[in-house]
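Asks: With our numbering applied, the sequence shown corresponds to residues 34 to 567, in that order. Where is the CB? At the ideal position from N, CA and C, for every residue including glycine.
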Amino acid sequence: MVDMDFNKNYLLDDMDIFNDIGFFVYDIATKKLTFSKGFCNILSIECSEFTISLNEYIDKFVYYADTNLFYKIDKIESPIKFRCRLIDSLGYLKLLYFSISPQYDDKNKIIKMDGCIRDLSEKMHLKIESSFTEKIFTEILDKSYQIVYSMNEDGYFTYCSSNVTKYLGYELSDVIGKHQKIFTDELTNDNLYKVREKVKNTGIPQELVNYKLKHKDGSLSWNTTTFFYYKDPYLDEGTFWAVMKDITTTKMIEEKLDENDKKLKESREYERIKNEFIANISHELRTPVNIIYSSLQLFDLYIDKNDFYNTKDKFIYYSKVMKQNCYRLLRLINNLIECSSLNAGISTLETTNFDIVSLTLSICNSVKPHFKNHNLNFSIMPFVSSAIINGNVDKIELILLNLLSNSIKFSKPNGHIIVSIYEEDTYILISVKDDGIGISEDKLPIIFDRFTQGQALLTRSNEGSGVGLSIVKSLVEMHNGSISVTSKKDIGTEFTIKLPIIAFNSHNLSKLDNVIHLNHEKKVNIEFSDIYDG
Numbered sequence: 034m035v036d037m038d039f040n041k042n043y044l045l046d047d048m049d050i051f052n053d054i055g056f057f058v059y060d061i062a063t064k065k066l067t068f069s070k071g072f073c074n075i076l077s078i079e080c081s082e083f084t085i086s087l088n089e090y091i092d093k094f095v096y097y098a099d100t101n102l103f104y105k106i107d108k109i110e111s112p113i114k115f116r117c118r119l120i121d122s123l124g125y126l127k128l129l130y131f132s133i134s135p136q137y138d139d140k141n142k143i144i145k146m147d148g149c150i151r152d153l154s155e156k157m158h159l160k161i162e163s164s165f166t167e168k169i170f171t172e173i174l175d176k177s178y179q180i181v182y183s184m185n186e187d188g189y190f191t192y193c194s195s196n197v198t199k200y201l202g203y204e205l206s207d208v209i210g211k212h213q214k215i216f217t218d219e220l221t222n223d224n225l226y227k228v229r230e231k232v233k234n235t236g237i238p239q240e241l242v243n244y245k246l247k248h249k250d251g252s253l254s255w256n257t258t259t260f261f262y263y264k265d266p267y268l269d270e271g272t273f274w275a276v277m278k279d280i281t282t283t284k285m286i287e288e289k290l291d292e293n294d295k296k297l298k299e300s301r302e303y304e305r306i307k308n309e310f311i312a313n314i315s316h317e318l319r320t321p322v323n324i325i326y327s328s329l330q331l332f333d334l335y336i337d338k339n340d341f342y343n344t345k346d347k348f349i350y351y352s353k354v355m356k357q358n359c360y361r362l363l364r365l366i367n368n369l370i371e372c373s374s375l376n377a378g379i380s381t382l383e384t385t386n387f388d389i390v391s392l393t394l395s396i397c398n399s400v401k402p403h404f405k406n407h408n409l410n411f412s413i414m415p416f417v418s419s420a421i422i423n424g425n426v427d428k429i430e431l432i433l434l435n436l437l438s439n440s441i442k443f444s445k446p447n448g449h450i451i452v453s454i455y456e457e458d459t460y461i462l463i464s465v466k467d468d469g470i471g472i473s474e475d476k477l478p479i480i481f482d483r484f485t486q487g488q489a490l491l492t493r494s495n496e497g498s499g500v501g502l503s504i505v506k507s508l509v510e511m512h513n514g515s516i517s518v519t520s521k522k523d524i525g526t527e528f529t530i531k532l533p534i535i536a537f538n539s540h541n542l543s544k545l546d547n548v549i550h551l552n553h554e555k556k557v558n559i560e561f562s563d564i565y566d567g
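1) Just reading off the beta strand (DSSP E) that residue 271 is part of, what are its end residues?
2) Counting only the same chain and skipping the five closest in sequence on each side, list residues whose C-beta sits under 8 angstroms from that of residue 226.
3) At a cut of 8 angstroms, does the segment 436–451 reach the segment 474–481 through at least three beta carbon pairs?
4) Can you tell me whether residue 417 is buried or exposed, with buried defined as 16 or more other CB within 10 angstroms of its CB?
5) Are the segment 386–397 and the segment 422–431 touching by the rule of at least three beta carbon pairs closer than 8 angstroms?
6) Within its chain, find whatever has a CB closer than 6 angstroms to the CB of residue 186; leave out the 5 residues flanking it on each side and keep chain order.
7) How many angstroms separate the CA atom of residue 534 from the CA atom of residue 516?
8) Mind checking which residues open and close the beta strand (DSSP E) that includes residue 521?
9) Please check the pair residue 119 and residue 76, which I expect to be a contact at CB under 8 angstroms, by giving their CB distance rounded to whole angstroms.
10) Three-state secondary structure (DSSP) at residue 332?
11) In the DSSP assignment, what are the bridge partners of residue 323?
12) What's the C-alpha gap between residue 405 and residue 396?
13) What does the alpha-carbon distance come out to for the pair residue 146 and residue 62?
14) Going by DSSP, what residues sit across from residue 244 in a beta bridge?
15) Leaving out five residues on either side along the sequence, give the residues of the same chain with a beta carbon under 8 angstroms from the beta carbon of residue 87.
16) Taking DSSP as the reference, what is the three-state secondary structure of residue 235?
17) Identify every run of the beta strand (DSSP E) within the segment 80–122, keeping only runs that are complete inside it and at least 3 residues long; order them along the chain.
18) In angstroms, rounded to a whole number, what distance separates the CA positions of residue 407 and residue 366?
19) Just to confirm, is the Cβ distance from residue 529 to residue 467 under 7 angstroms?
20) Skipping 5 residues on each side, what residues in its chain have a beta carbon closer than 7 angstroms to that of residue 115?
21) Roughly how far, in whole angstroms, is the beta-carbon of residue 247 from the beta-carbon of residue 217, given that I think they are within contact range, below 8 angstroms?
22) Enumerated in chain order, which unbroken segments of the alpha helix (DSSP H) with a length of 4 residues or greater are wholly contained in the segment 382–453?
23) Tell me where the beta strand (DSSP E) around residue 527 begins and ends.
24) Using DSSP bridges, identify the partner residues of residue 151.
25) Beta carbon of residue 465, beta carbon of residue 440: below 7 angstroms?
26) Measuring straight from C-alpha to C-alpha, what distance separates residue 410 and residue 449?
27) The alpha helix (DSSP H) that contains residue 506, what's its start and end?
28) Between residue 184 and residue 125, what straight-line distance do the alpha-carbon atoms span, to the nearest angstrom?
29) Mark residue 98 as exposed unless 16 or more other C-beta atoms lie within 10 angstroms of its C-beta, in which case mark it buried.
30) Can you say whether residue 129 is buried or exposed, counting buried as having 16 or more other CB atoms within 10 angstroms of its CB?
31) Assuming residue 393 and residue 451 are in contact, meaning their beta carbons sit under 8 angstroms apart, how far apart are those beta carbons, in whole angstroms?
32) What does a CB cutoff of less than 8 angstroms around residue 205 pick up in its chain, not counting 5 residues either side in sequence?
33) Compute the Euclidean distance between the alpha carbons of residue 26 and residue 142, then round it to the nearest angstrom.
34) Within a Cβ cutoff of 7 angstroms, which residues of the same chain sit near residue 78, ignoring the five residues on either side of it in sequence?
35) Run through DSSP, which three-state label would residue 144 get?
36) Report all residues from its chain with a CB closer than 8 angstroms to the CB of residue 401; omit the five preceding and five following residues, and keep chain order.
This is the structure in structure tokens:
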């Protein structure tokens, strides 16, 4: 076999004129590598010939993941070919194609390895950073309010612009080599992963908007990130590049605008409700006043004619009409006073312990004539004999009379109204149910709002200021209770109040007896004053 003299071999000298081809010889005895000029050029070494030990070559030039390829070079017994990544003296990553053949002595013993290499990388494309590009790129990013970073397919950062310190407080050493999950919660990390997978599979840049990122000091900011994906054609590895923008200020402005828009809408709605309430109150005041005034005018006419005998029945009738409309005015005034007290937070309860079942039955018996006068079927269904609560008798009376008067106003001719009393755990429940005109579904959420009626002012078929149910709700809640409503249009409505029952000693029951003997007539006349007998 011919022993190849590296320095004198004319073939190697001729081939070294190609920038992407080089040669080397590995001496097994000395464990040293000698590079040709072409190999030196590929490794960016200014030398016509270069000798280095195998271990030093591996440590200095071989990419860490490919070192095992060269540790086995002594055991090569036949020509082999493989690809390997080297890092040149300037720090650029190169992908090289190696072809190695063993050389034998006269005794057929392998003494050397001859190798041919070819640079497969596109030098300018695979540079980590060129000096000029690095300078311009870094300067632009440092002054930008957007953070640019890259990460491998496993989600670990491989690069990050230095302005991450300015905006997030992290040093580059805190970021490079770390997984993105240390800056985000689990849900956000999953969302970022899904976006990266989408851009990887489609090749189309993808964006994740409005997610939170944790700063080094523990604070959070809102961010939007656009991902790009680059697949290295030689290394069969992909890299994600991302541009991240802090949108916290923008989001705060948007939220403020939304809040201001909401307040504007609320203000306009309040203005509309206020105007409707004023018109409603004006109507409620004008109607009884006009009726009273007209009745007085008739009285004056009868007095002028001095005809008391023939007009006695009319005097009695119009006196009754005036009295009812005085009750209407009194009811309206009482409601407005109660409403103002509740608004101002000065409404208080003087409470006592009493039997709510007895009170409810007493009130229902007092209003039976009104249901009869309107051809309505009225039933009382007490499923419990007594239940002691702590509350204000007058306020509970007002609550029940309001619900009962509503049931008359909105019932159909020959309709049915049922009052049920029953227990549920430690509560007493009283429901007032009718099969009347019902409440439309869109009105149910606002039925207890102040100054709201189920029907529009100009089209409603019944009187009312629109504060009754609001007062009822407030008074029920002052008793640590709740009120609910279920209704369907043209089918009927059911109001249910729920009040807590208290423990009460039997020897104190004598103090409760006065409740059922209350005279409800005056309050019934006031609360039912806007309901005219048929």
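Replies: With the given structure in hand:
1) Residue 271 -> beta strand (DSSP E) spans 271–279.
2) Non-local C-beta neighbours of residue 226 in its own chain, meaning closer than 8 angstroms and more than five positions away in sequence, comprise 188, ordered along the chain.
3) The segment 436–451 is not in contact with the segment 474–481.
4) Exposed: under 16 other Cβ atoms inside 10 Å.
5) Counting Cβ pairs under 8 angstroms, three or more are found: they touch.
6) Exclusion of the five residues before and after residue 186 leaves 271 as the residues of its chain whose Cβ lies within less than 6 angstroms of its Cβ.
7) Their Cα atoms are separated by approximately 15 angstroms.
8) Annotation: the continuous beta strand (DSSP E) that includes residue 521 extends over 515–521.
9) With 8 angstroms as the limit, residue 119 and residue 76 qualify as a contact, their Cβ atoms being about 7 angstroms apart.
10) Residue state, collapsed to three classes: helix.
11) Answer is none; residue 323 lacks a bridge partner.
12) For residue 405 and residue 396, the distance between alpha carbons rounds to 15 angstroms.
13) The alpha-carbon atoms of residue 146 and residue 62 are separated by roughly 11 angstroms.
14) According to DSSP, which records beta bridges pairwise, residue 244 is partnered with 256.
15) Same-chain partners within the cutoff: 59, 64, 65, 66, 103 and 106.
16) Correct three-state label for residue 235: helix.
17) If one requires a minimum length of 3 residues, the beta strand (DSSP E) runs lying completely within the segment 80–122 are 83–86 and 113–120, in chain order.
18) Near 26 angstroms, if we compare the C-alpha coordinates of residue 366 and residue 407.
19) Against a cut-off of 7 angstroms, the Cβ pair of residue 467 and residue 529 comes out as no contact.
20) Closer than 7 angstroms at the Cβ level, and outside the excluded window around residue 115, lie 102 and 131.
21) Taking the Cβ atoms as the reference, residue 247 lies roughly 7 angstroms from residue 217, within the contact range of under 8 angstroms.
22) Here the runs fully enclosed are 389–406 and 426–442.
23) Judged by DSSP secondary structure, residue 527 falls within the beta strand (DSSP E) whose first and last residues are 525–533.
24) DSSP, once it has assigned bridges, lists 54 and 130 as partnering residue 151.
25) Result yes, Cβ atoms of residue 465 and residue 440 sit closer than 7 angstroms.
26) Per the coordinates, the alpha-carbon of residue 410 lies some 5 angstroms from the alpha-carbon of residue 449.
27) In the DSSP assignment, residue 506 falls within the unbroken alpha helix (DSSP H) covering 501–511.
28) Cα to Cα, the separation comes out at about 19 angstroms.
29) By the 10 Å Cβ count, residue 98 comes out exposed.
30) Result: buried.
31) Going by Cβ atoms, the distance from residue 393 to residue 451 rounds to 13 angstroms, so no, they are not a contact pair.
32) These residues qualify, in order along the chain: 193, 195, 197 and 198.
33) Outside the displayed range of the chain (34 to 567) lies residue 26, so it cannot be described from this structure.
34) 122.
35) In the structure shown, residue 144 falls within a strand segment according to DSSP collapsed to helix, strand and coil.
36) Residues of the same chain with a CB within less than 8 angstroms of the CB of residue 401, apart from the 5 flanking positions on each side, are 411 in chain order.
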